[in-house]
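Asks: Okay, handing you the structure first.
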Amino acid sequence: MKSLSEIETTSKRASKAAGYSWGIAEEVGIGVGTLELFGLEGIKNLNEYFKSRVHNKFENLDLINKNNQSDKFPYCPIIFGISFLDQVKTLEKFDKIRLSNIAYPLLVLPFLSRSSEITGKRIHYKFDKHEFLLNFNVKVFSKIFNDKCPIIAKNVEIIFLENKDNFSEEDWKSLYKLSEETFVEESDSLKKSAAGAGLTDND
Amino acid sequence: MKVKLRDPNIIMKLSRLGSFHQSKLSFLRSFLEEFKDWEYKKDLFDLDENGFGIAIYSFKKKDRVYSLICFANKINNDERSDRVIATKWDAAFTLYDGVPSKLDIERLKNEVPKQEVGRLSYKELTLSRANKSLRVFDHVVENLSSGKQPDLNILDKVGYLYRTTAVYGSGKFGLEMMLVYLVRQFTFDQVNHVAKSKNPKIAVKLDNVICKNLGIGNSTGLGMAPFIVNHPTLLNNWILSREIALKKIREIKKVENSKVDLFKKSLRNSIKNITSWNTESKYQLKKINSLLTNVKKTIDFLEKKFSFDTEYPFNTIYLWLEKETCDECIEYIVSIMMEPFDEIVKPLVNQMSSEEEKYFNIPTNRTIEDLRNIIEKRYPNILKINFNKKENIKNFWFISKNKEEPRYSNRFEDKGYELEQPLAIARDIKKLYEELIISKNSLTIDKFLSKNSNLRHVVRRAFIIEKFPYAEIQDNTIAENVVPIDMLRLKLSFFGALKFDPRSDKWLRICMFQGAPLPEELRNYDQQWVYNF
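Quick note, the sequences are listed as chains A and B, same order.
Numbering that gives the first Met the number 0 puts the first residue of the first sequence at 0, with every later residue one more than the last.
Numbering that gives the first Met the number 0 puts the first residue of the second sequence at 0, with every later residue one more than the last.
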């Protein structure tokens, strides 16, 4: 089995050889490592994308808008991913970003995952029939595990999910009430003596 | 009194970094301290009469066990090479997490001798190989099997029975040190075993005092140099720990007599480390001679012209060293200054690792003005270099296609500069700066990067250096006058290597654990062993 370090280094060098700058190649190395760690086909997709670049043209999307349409050539997933990462503080104001026609959409995922960590918001990434929930660059939820990822995604949506509780107030209250059963009712003397800190914070 | 940390623009120059010496912060010394109360055992020693076979050594504490598995093999003399590219070695080793089963040993017997080409599991933490120093090993066998101890003059010239040609780990420097330490013990056991097999009735064992004075050699090439550049926050944390230790020592107003005595004793005893430092390198010989002269001068100063009753004595000594001695001597004595101050050094040992991925993201919402200010503050000397001059861009770093190892070559004479590795940080920082001064101050980094992706790697570095001032070599690593072994020496000093012996400007030999306690002595060993062998 290949080590993570081998995966990152080889992906980095291959990206440089494919024509990207060293700085971008470093990002790709980390990204493919992340995909493989999550059990997704990073090496396979990167390899196929680089092979397809030999005969096909791709468009670089340097400045991302709310809606992005590429009519002529599919977007390059690496440049899109890096632009998204770099511009994420601006992009999160849009809530939802749409784009059409992007190549090897799986390769965008690690950049979105890091963006989720930077913004502190979960990101919902959808392309065609596939959906991912990216949780702060710690976890990825998806049903794609055994599916083959498309080479070109026609319709893509990236949604910043506002941080909100994943449960009802009623559920919370009920659970909290139960947790209170671990508390001790304080007598007056305990109120004075049991706290570790002093009774005033003015010293 | 508050002493400032030393200026990174001076300390991070290659000539200064190439003058660093081992200290109490070095990994092999902190490893011994960490494992001194672990139970050491020789679990298996199954070698034939020629010393070929398998041996296992372990360190154990409660339910934690690390086992060194050694595979000693027969190789022909013409197959023995110091180079990292060799494919056969006298012995191959792995440090196993736990107690290996018979199945593990069988599996590893096929994989470990192949080294990089072999495949290991998550249980194998480090990997290494070593070759005999034939002249010493054969001499020792010959003498022991005749009932005599070997000639110390021959041993002193080399300092070890085996030298490793690579030690691989997963960033776990302490465990790499454990591997090397146990390999050292294997070399003693193997030489005794071969001598006894040769002449069972007469053979004697290698004297323990002689064993202690032997270490493990190592040959190191350019592979270590990119490591220093590619791990900026780790480099910072190593150097910063050393700098904090020095600062705190200089800030001590009154030093206890026992600590003064320990410092003076270590300094005096260390003289023989210098006089027994053998090399044929003119470059290193010059440095050693200067070091010896200056250390003697320092001892003379301390004995005749200095009183430790002075307030802040180590600050006065340090300032004197800066004024009166050379880089090699300053750093040598800075290391010795740490000897009496466990209370300062020990907490710093735990701060020498780094979570590098935390600092990988570029803060793209910041501005050109921010970035320019960082570069002006952190790279003032680099910005003065004229990269239009041939001598300042003479060399380039690349990865050899057939060997997959880093190389350093002349841009104007050799092929391949278009495949240059991103290790010319000084040149690229200057390039970035030139682009920044023609960019709008308020422009944010994301916009700048969308038009300047070729500079992304140095934009990332500049933001790292903002937080980690000792993260960058403050020198031009592609200049005509660069001595690449300075980069290797910096790293090796943090390993705890002694007796740097440059074999060219691109590779060197060193010795590790020379003078270190033997495993049975670990529970109560001399902390200053490095100066007392």
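Built from N, CA and C at the ideal position, the CB exists for glycine as well.
Since this is a predicted model, take the numbers as computed values, not measurements.
So R183(B) and G214(B) are supposed to be a Cβ contact under 8 angstroms. How far apart are they, rounded?
Replies: Sure, about 6 angstroms apart at Cβ, within 8 angstroms.
Asks: Shortest alpha-carbon distance to R249(B) belongs to which of S80(B), D155(B), Y311(B) and L16(B)?
Replies: Among S80(B), D155(B), Y311(B) and L16(B), the Cα nearest to that of R249(B) belongs to Y311(B).
Asks: According to DSSP, is A24(A) part of a helix, a strand, or is it coil?
Replies: If DSSP states are grouped into helix, strand and coil, A24(A) belongs with the helices.
Asks: Assuming V139(B) and V208(B) are in contact, meaning their beta carbons sit under 8 angstroms apart, how far apart are those beta carbons, in whole angstroms?
Replies: Going by Cβ atoms, the distance from V139(B) to V208(B) rounds to 14 angstroms, so no, they are not a contact pair.
Asks: Please tell me whether R113(A) has its Cβ less than 8 angstroms away from any Cβ of chain B.
Replies: R113(A) counts as touching chain B.
Asks: With distances taken between CB atoms, is the gap from W396(B) to P501(B) smaller than 8 angstroms?
Replies: Not closer than 8 angstroms, so no.
Asks: Anyone know if the C-beta pair for L94(B) and Y65(B) falls short of 8 angstroms?
Replies: Cβ distance < 8 angstroms, so L94(B) and Y65(B) count as in contact.
Asks: Buried or exposed for H54(A), going by 16 or more other Cβ atoms inside 10 Å?
Replies: With fewer than 16 Cβ atoms within 10 Å of its Cβ, H54(A) is classed as exposed.
Asks: Using a Cβ-Cβ distance cut-off of 8 angstroms, determine whether D445(B) contacts chain A.
Replies: Judged by the 8 angstroms Cβ criterion, D445(B) is in contact with chain A.
Asks: So, L448(B) versus V457(B), is the Cβ gap smaller than 8 angstroms?
Replies: For L448(B) and V457(B), no; Cβs fall outside 8 angstroms.
Asks: Is the distance from the Cβ of Y48(A) to the Cβ of L106(A) below 8 angstroms?
Replies: The answer is yes: Cβ separation under 8 angstroms.
Asks: Taking all protein chains shown into account, do 16 or more other C-beta atoms lie within 10 angstroms of the C-beta of I437(B), making it buried, or fewer, making it exposed?
Replies: Burial call: exposed.
Asks: Residues of chain B with a CB under 7 angstroms from the CB of L62(A): which are they?
Replies: What L62(A) touches in chain B: S449.
Asks: Could you tell me the boundaries of the beta strand (DSSP E) in which W319(B) lies?
Replies: Run containing W319(B): none in the beta strand (DSSP E); it sits in the alpha helix (DSSP H), P312 to E323.
Asks: Answer with yes or no whether the minimum CB distance from K88(A) to chain B is below 8 angstroms.
Replies: Chain B contact via Cβ: present.
Asks: Can you check the region 57-97 of chain B for any beta strand (DSSP E) of at least 3 residues that lies completely inside it and give the ranges in chain order?
Replies: Runs of the beta strand (DSSP E) inside the region 57-97 of chain B: 63-71 and 90-96.
Asks: Sort L174(A), N136(A) and S167(A) by Cα distance to G211(A) and report the nearest one.
Replies: With chain A represented from 0 up to 202, any question about residue 211(A) goes unanswered, as that position is not in the structure.
Asks: Is E471(B) buried or exposed, if buried means 16 or more other CB atoms sit within 10 Å of its CB?
Replies: Buried.
Asks: Candidates F19(B), W319(B), N109(B) and P112(B): which alpha carbon is nearest W237(B)'s?
Replies: Nearest C-alpha to W237(B): F19(B).
Asks: For L181(B) versus L124(B), is the C-beta distance shorter than 8 angstroms?
Replies: No; because the gap between Cβ atoms is not below 8 angstroms, this pair is not in contact.
Asks: Express the C-alpha separation of T443(B) and K71(A) in angstroms, rounding to a whole number.
Replies: The straight-line gap from Cα to Cα measures roughly 30 angstroms.
Asks: Is the Cβ of G41(A) closer than 8 angstroms to any Cβ of chain B?
Replies: No, its Cβ sits nowhere closer than 8 angstroms to a Cβ of chain B.
Asks: Are any of the Cβ atoms in chain A nearer than 8 angstroms to that of R365(B)?
Replies: Taking Cβ atoms only, chain A never reaches closer than 8 angstroms to R365(B), which makes this a no.
Asks: If I measure Cβ to Cβ from F359(B) and keep anything under 8 angstroms in the same chain, skipping five residues before and after, which residues do I get?
Replies: Hits under 8 angstroms: R459.
Asks: Helix, strand or coil for V139(A)? Go by DSSP, reduced to three states.
Replies: Here V139(A) sits in strand by DSSP.
Asks: Starting from Y331(B), trace the alpha helix (DSSP H) in both directions and tell me its first and last residue.
Replies: Where Y331(B) is concerned, the enclosing alpha helix (DSSP H) stretches over D326 to M336.
Asks: Apart from the five residues just before and just after G80(A), which ones in its own chain have a Cβ nearer than 6 angstroms to its Cβ?
Replies: These residues qualify, in order along the chain: V107 and F110.
Asks: Taking 6 angstroms as the limit between beta carbons, can you name the residues of its chain near I201(B), skipping five residues before and five after?
Replies: Around I201(B): G146.
Asks: Could you give the distance in angstroms between the alpha-carbon of K56(A) and the alpha-carbon of P73(A)?
Replies: Their Cα atoms are separated by approximately 8 angstroms.
Asks: Can you give me the start and stop residues for the alpha helix (DSSP H) that R106(B) sits inside?
Replies: It spans K101 to E110 - the alpha helix (DSSP H) in which R106(B) sits, taken as one unbroken run.
Asks: Taking Cβ to Cβ, would you say F159(A) is nearer than 8 angstroms to D94(A)?
Replies: Taking 8 angstroms as the Cβ cut-off, F159(A) and D94(A) qualify as a contacting pair.
Asks: Return the chain-ordered ranges of every alpha helix (DSSP H) run that is complete within the region 48-110 of chain A and spans a minimum of 4 residues.
Replies: DSSP runs (the alpha helix (DSSP H)) wholly in the region 48-110 of chain A: 76-90.
Asks: With a threshold of 16 other CB atoms inside 10 Å of the CB of S4(A), please say whether the residue is buried or exposed.
Replies: By the neighbour-count rule (16 or more Cβ atoms within 10 Å), S4(A) is not buried but exposed.
Asks: Do L133(B) and Q114(B) have their C-beta atoms within less than 8 angstroms of each other?
Replies: Cβ distance not < 8 angstroms, so L133(B) and Q114(B) don't count as in contact.
Asks: Does any CB atom of chain B fall closer than 8 angstroms to the CB of I6(A)?
Replies: No, its Cβ sits nowhere closer than 8 angstroms to a Cβ of chain B.
Asks: If we ignore side chains and look at the alpha-carbon of each, how far apart do Q420(B) and I78(A) end up?
Replies: When rounded, the distance between both Cα atoms is 21 angstroms.
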